[in-house]
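The numbering used here applies: residue 1259 is where the sequence shown begins, and numbers increase by one.
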Amino acid sequence: MKQFPTNFLWGSATSAYQIEGAHDADRKGPHIWDVFAHTPGKVHRQENGDVACDHYNRYPADIKLMSEVGLKSYRFSISWARIQPDGKGDPNPAGIAFYGKLIDNLLANDIEPWVTLHHWDLPAALQMEDDGWLGETTSDHFAQYASICFEHFGDRVKNWITMNESWVMSILGFHSGLFAPGRKSADEPYRAAHNLLLAHGKAVRVYREQFKSQGGQIGMTNNCDWRHPLTDSEADRAAAQRSLEFMLAWFADPIYFGDYPAVMREHLGDRLPKFTDEEKEMLKGSSDFFGLNHYTTMYAGDVPAGQSVENGEYANGGVFSDQHVALTTDPAWETTDMDWPIVPWGFRELLLWISARYQRPPIYITENGCATPDTLLAGEVDDPQRIAYLNGYVGAVHEAIEKGADVRGYFVWSLLDNFEWASGYDKRFGIIHVDFKTQQRKLKSSAHWFRKVIERNGLA
Ligand code: GAL
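Written out as structure tokens, the structure is:
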């Protein structure tokens, strides 16, 4: 029996655009994912989140399902464009009312809300008028929006996450163009990331200066794969370290140490924006906990200076060349439906790396899970692949705790099958099956497995 620490938090996670639907209900404004998904060629089969899981209307039933699974906490995101339809100005009462009811209903069911303020759905007006995350004013608008949320929900919400995965917003949004706003640039990712960090810092400052008496905690959630050295050579070991710094320390170093990693400053020179002394001060120590999303592992090999990595399967130019790292996987590794390798030990290694670099911060796994194709057998969804994945990854969390990491909670991604961004509805991450035609839900066998883990507070 692998027992977890008492009070370990077991939960599930979702995000607004992926489940809510009701895309234009009650004065909600359009956001960049509404626009992106409605642009031909951007999303698999031209799907979109207009209806998604219709959670906006079905949330009471969904919360009952959470209770059935025995979840103690639930991480969801607030859609900025429901609160401020154009990203600025007075709050929209209907948006405030919706999240207020959701929060009340969770608390009535003994489920602790963990609220993400920004999970990629920037109000479209800010993209047009202020150049979105490339513009200098967006971070101030974000702090104002955050302040509205603290004011209206902070009496009941004690756990806040400013940003979800700034790496994805920066790289997929501004380098590969695969995600909204769909830009393809070598330098814009660094500028967008800079403004995302400033937005985080400004929101945390507002929280700590004006809402301290609410007694909650606030932090940022970042995503990172484990990067394992391709060989034991010194060059490859340095490449793996560099790759982790370009992925995770890019965002975590500023909020723990006040500045970007030295290796990024060296490699990028003037292409990497600089923080003023005041901004460094604002960012340093601006996370009460380390929010981590983790899914997979890759090998990192050194690419000598002057040699291009344009042809690597995963590392194609731009920000990947900047690191002088080529990423590969082991063909022997099993993969999920997203083609992501399943490597539980990589999770343990990453948690220990974080613990060592950031002096053992309290870590919450705010996402971990996998996509598997669901087949209904006599009305039941049996997903042994997901159970195996979760068993391996939750086991790796346990090993990391035994080796000294301070991991305090685990949120499975995801509660429901949902709109998986550019992959549409094909990729199913939920522990609860959703039939998108009838909106019927059904607990998968992984949900039953997870309930037992929660009951035992451990793995058998
Ligand atoms: C994360 C993201 C989630 C979810 C998940 C699975 O990057 O935060 O919204 O889509 O990946 O791909």
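All C-beta atoms, glycine included, are put in the ideal place defined by N, C-alpha and C.
Going straight from the alpha carbon of residue 1631 to that of residue 1339, what length do you get? 32 Å
For residue 1271, list the residues DSSP reports as bridge partners. 1333 and 1671
Can you tell me whether DSSP reads residue 1677 as helix, strand or coil? coil
If you compare alpha carbons, which of 1533, 1610, 1274 and 1488 is closest to residue 1448? 1533
Does the CB of residue 1637 have a neighbour CB from chain B at under 8 Å? Of the protein chains in this structure there is only one, and it is not chain B.
With DSSP run on the structure shown, which of helix, strand or coil describes residue 1584? strand
Please say whether residue 1577 and residue 1452 have beta carbons closer to each other than 8 Å? no
For residue 1603, I'd like the list of residues in its chain whose CB is within less than 7 Å of its CB, leaving aside the five on either flank, ordered along the chain. 1654
I'd like the list of long-range same chain contacts for residue 1472, defined as Cβ closer than 6 Å, with 5 residues on each side in sequence excluded. 1412
May I ask you to report which of helix, strand or coil DSSP gives residue 1351? helix
With distances taken Cα to Cα, identify the nearest neighbour of residue 1383 among 1407, 1290, 1445 and 1305. 1290
Using DSSP's beta-bridge definition, name the partner residues of residue 1639. 1634
Ignoring anything shorter than 4 residues, give me the alpha helix (DSSP H) runs that lie fully in the segment 1467-1536, in order along the chain. 1492-1502, 1508-1515 and 1520-1526
Whole angstroms are fine: how far does the CA of residue 1650 sit from the CA of residue 1426? 25 Å
Any chance the CB of residue 1480 is under 7 Å from a heavy atom of the ligand GAL? no
Is it buried or exposed for residue 1265, if we count other Cβ within 10 angstroms and need 16 for buried? exposed
In chain order, what residues of the same chain have a beta carbon less than 8 Å from the beta carbon of residue 1330, not counting five sequence neighbours either side? 1267, 1268, 1269, 1368, 1369, 1370 and 1712
What residue from 1627, 1478 and 1638 has the CA that sits closest to residue 1420's CA? 1478
Just to confirm, does residue 1373 get its C-beta within under 7 Å of one of the non-hydrogen atoms of the ligand GAL? no
Option in 1483, 1350, 1583 and 1667 with minimal Cα separation from residue 1565: 1583
What residue range is occupied by the uninterrupted alpha helix (DSSP H) comprising residue 1301? Residue 1301 -> no alpha helix (DSSP H), and no H or E assigned at all.
Which first and last residues belong to the beta strand (DSSP E) in which residue 1692 is found? 1690-1693
Using 10 angstroms around the beta-carbon of residue 1706, count the other beta-carbons present and answer buried if the total reaches 16, otherwise exposed. exposed
Buried or exposed for residue 1386, please, with buried defined as at least 16 other CB atoms from any protein chain shown within 10 angstroms of its CB. exposed
Buried versus exposed, by CB contacts within 10 Å (16 or more), residue 1276: buried
6 Å Cβ shell around residue 1354 - same chain, five flanking residues per side excluded: 1410
Closest to residue 1662 by CA distance: which of 1536, 1609, 1642 and 1634 is it? 1609
Here's the rule I'm using: 16 or more other beta-carbon atoms within 10 Å means buried, otherwise exposed. How should residue 1685 be labelled? buried
Sort 1717, 1494 and 1701 by Cα distance to residue 1634 and report the nearest one. 1701
Can you tell which of 1499, 1652 and 1459 has its C-alpha closest to the C-alpha of residue 1614? 1499
Segment limits, beta strand (DSSP E) that includes residue 1295: Element bounds for residue 1295: not the beta strand (DSSP E) but the alpha helix (DSSP H), 1290-1295.
List the whole-angstrom C-beta distance separating residue 1623 from residue 1552, where the pair is believed to meet the contact cut-off of C-beta under 8 Å. 7 Å
In angstroms, rounded to a whole number, what distance separates the CA positions of residue 1523 and residue 1304? 40 Å
Span of the alpha helix (DSSP H) holding residue 1266? Counting along the chain, residue 1266 falls outside any alpha helix (DSSP H), and DSSP gives it neither H nor E.
Which residues in the same chain as residue 1606 place their Cβ atom closer than 7 Å to its Cβ, once the five residues preceding and following it in sequence are excluded? 1654, 1657 and 1658
Is any heavy atom of the ligand GAL found at a distance shorter than 7 Å from the C-beta of residue 1671? yes
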